[in-house]
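*Asks:*
Chains as they are written, first to last, in our numbering: chain V, -12 to 344; chain P, -12 to 344.
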């Protein structure tokens, strides 16, 4: 099914309103989710809605959160999301970071007591729109094992850095710190297709290409895949995201992070509140005039596009470019939704008495 | 040869003094280099001295730099290193970041017109000593090709995040953003030993295990090694380091970064001044009380040490622990230097009329 951006927005807002969100929060949540679908990151778009509804039904997501600042200095703060969705909690935190950056040059906000925040890029781009460099990261349900372990201790813990450019679109590095994002594994599972060596290990810690190995105690591997190829670096990056997002904010970290799926219960002995995020903004003109920076960004991008190619048909990809190309196409041609997602969404429509897609 | 820390310090200071450094700068440079040797990161310790001397002889390193702040806001700044060694320029920048953090919660400093800065961990640890989270990164001579390219466009561009803990030592993630650090490749070259697939490619962009492939137009691969295993993420991280260190500060970036070796000339058309670094400090108590944070860091470390193991003889490694173990051992037993390094150092001693090692 191909659906227009506007129809998908209208439908998604109705679902959030039916869960008791305010109109403001329903529109904001929709904006974050639909941007993922527009940018081709389908695993983080409206496909997530049914999971949110299930967590809300279990009382694990508060759709009317009282988001508050629990601690702050001129350029740092900790925000409590009141068990709200990261989709609304994180923009609150990023707005605060941007305000601090406007006055002092930079702003940094750690978030506790939150839930899934969608794509990191949405939040980082809020800063870019103000000629700032944007940072966003989050911890997530444990699926990834540290190097030498077969225990799921860390989420795919994405980190995002976004930089404004001049004539080119912003350069956005938005990446899971695991070898493969969970969304890619889900696609392989759906197609029952073997995955490359180095993405996952089985319950004993042996290499496997079986995409279903996570269901029998397997785990995702950190970026680098094995020690020889730097998996300790992927582990270190994931640890960094976990510490900044949760140890710093007072959220749950490591294996205590609450599962994103409603059929798994959170730890009975949590070490913090909900999941954690970390966002930041730095004014470009806190370092050099913004037009100078942007013109050098353009030069950087131009030069990397001109790098010699191994295969002339496969160009060097500037981070963020494929997602922007998808966004342009899908805004024009509509957003493709797979049958399973359409079914889920129509079931939600029936549940809430909303018109089906 | 095994040499005591103190003897190595005395010798190294004399070399810097002979190059015209002030006593303060000679002591500081020595402190950075010897910490690398103590921590077992031999590629970044006194083995570098001969390279520094050669660059100084060519007029590419200024041993008496007038380091200055060229732009700042309350929490951001750009520092010009006046072509000094990063060993002295970066501590200046980190001190400034720490001062800003003391007043405003966080501080961020981009550095241009600098040279090699030693181990990133030295600079990040300066913040940790003040109960702050420390960040340090630098760009470097181009050796790494972006995904899909066979052109050396980026350095091994390390990033370092350092966190204070309580009863445990600080957790320090200090990593090259390439699959293998250049130091590891140099060891393989010295031993004429094949390297693992996924570290380097030859001039045509084909996989190779020949450690000498870089001498015939080959390149290092980004962390992730190939597209299927996430090399675009390693490229993205390296790009992030390059942009924060150089596009933001006004240093050279990408393929324009001046070579670290004196027999290769810098670009005749530079896009900035010298190489660039980026450092930052955030007060832990800008987010939550420092003792709370440290006690949760201890809990994080304890739990990760208890992760189930694939092979009971190989424990999970907490980032920074092996380096600290080396430091303790070498402080006690002395620092081993390989013959090639001892010869280089004694040649320097002869050149400057200093007593040999």
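Glycine included, each C-beta is placed from N, C-alpha and C at the ideal position.
1) Can you list, in chain order, the residues of its chain with a C-beta nearer than 7 Å to that of residue 212/V? Leave out the 5 residues immediately preceding and following it.
2) On the premise that residue 149/P lies in contact with residue 178/P, defined as a C-beta separation below 8 Å, what is that separation, rounded to the nearest angstrom?
3) Ends of the beta strand (DSSP E) at residue 99/P?
4) Would you call residue 72/P buried or exposed, if buried means 16 or more other Cβ atoms sit within 10 Å of its Cβ?
5) Assign residue 119/V to buried or exposed, taking buried as 16 or more other Cβ atoms, counted over all protein chains shown, within 10 Å of its Cβ.
6) With 8 Å as the threshold, decide whether the Cβ of residue 124/P is near any Cβ in chain V.
7) Apply the 10 Å Cβ neighbour rule to residue 267/V and answer buried if 16 or more other Cβ atoms are within range, or exposed otherwise.
8) Kindly list the residues whose CB is nearer than 6 Å to the CB of residue 42/P, restricted to its own chain and excluding five residues on each side of it in sequence; keep chain order.
9) Have a look at 31/V, 59/V, 75/V and flag the residue whose alpha-carbon is nearest the alpha-carbon of residue 269/P.
10) Across the segment 97 to 110 of chain V and the segment 30 to 41 of chain V, are there enough close Cβ pairs to call them in contact, namely three or more that are closer than 8 Å?
11) Got a sec: is the Cβ-Cβ distance from residue 77/V to anything in chain P below 8 Å?
12) Can you have a look at residue -3/V and say buried or exposed, based on whether 16 or more other CB atoms are within 10 angstroms of its CB?
13) Determine the closest residue to residue 256/P out of 247/P, 11/P, 242/P, with distance taken between C-alpha atoms.
14) Would you identify the three-state DSSP class for residue 280/V, choosing helix, strand or coil?
15) Using the rule of at least 16 other Cβ atoms within 10 Å of the residue's Cβ for burial, across every protein chain shown, is residue 327/V buried or exposed?
16) Looking at C-alpha atoms only, which residue of 191/V, 281/V, 207/V, 114/V is the closest neighbour of residue 183/V?
17) Listing by chain order, which chain V residues have their CB less than 8 Å from the CB of residue 134/P?
18) I need the straight-line Cα distance from residue 333/V to residue 31/V, nearest angstrom please.
19) Report the rounded CA-to-CA distance for residue 209/V versus residue 6/P, giving the unit in angstroms.
20) CB-CB under 8 Å to residue 130/P, same chain, minus the five flanking residues each way: which ones, in chain order?
21) Rounded to a whole number of angstroms, what is the C-alpha to C-alpha distance between residue 222/P and residue 226/V?
22) So, for residue 3/P: in the same chain, excluding its five sequence neighbours on each side, which residues have a beta-carbon less than 6 Å away from its beta-carbon?
23) Relative to the alpha-carbon of residue 90/P, which residue among 272/P, 291/P, 134/P has its alpha-carbon at the smallest distance?
24) Under 8 Å between C-beta atoms, does residue 318/V make it to chain P?
25) Please classify residue 260/P as buried or exposed, where buried requires at least 16 neighbouring CB atoms within 10 angstroms.
26) Can you list, in chain order, the residues of its chain whose CB lies under 6 Å from that of residue 107/V, leaving out five sequence neighbours each side?
27) Kindly identify the DSSP beta-bridge partner or partners of residue 60/V.
28) Mind pulling the chain P residues with CB within less than 8 Å of residue 286/V?
29) Could you name the residues of the segment 6 to 20 of chain P whose beta carbon sits closer than 8 Å to any beta carbon of chain V, in the order they occur along the chain?
30) For the segment 177 to 223 of chain V, list the beta strand (DSSP E) runs that are entirely contained and at least 3 residues long, ordered along the chain.
31) Tell me whether residue 213/V, by its Cβ, gets closer than 7 Å to a heavy atom of the ligand FAD.
32) Determine the contact status of residue 25/V and residue 336/V, defining contact as a CB-CB distance below 8 Å.
33) What is the C-beta distance between residue 65/P and residue 274/V, in whole angstroms, given that I count them as a contact (C-beta under 8 Å)?
34) Counting only beta-carbon separations shorter than 8 Å, does residue 308/V have a partner in chain P?
35) Restricting to Cα atoms, I'd like to know which of 151/V, 75/V, 132/V, 88/V is closest to residue 281/V.
36) For residue 79/V, collect the residues of the same chain with a Cβ closer than 7 Å to its Cβ; drop the 5 residues on either side in sequence, then sort them by chain order.
*Replies:* Reading off the structure:
1) 166, 185, 218
2) Not confirmed; about 32 Å, so no contact.
3) 93 to 101
4) buried
5) buried
6) no
7) buried
8) 48, 249
9) 59/V
10) yes
11) no
12) exposed
13) 242/P
14) helix
15) exposed
16) 207/V
17) 303, 304
18) 18 Å
19) 44 Å
20) 139, 141, 142, 143, 165, 169, 201, 206, 207
21) 20 Å
22) 13, 16
23) 272/P
24) no
25) buried
26) 123, 145, 147, 161
27) Answer is none; residue 60/V lacks a bridge partner.
28) 258
29) none
30) none
31) Looking at this structure, you won't find the ligand FAD or any other ligand, since it has none at all.
32) no
33) 5 Å
34) no
35) 151/V
36) 54, 66
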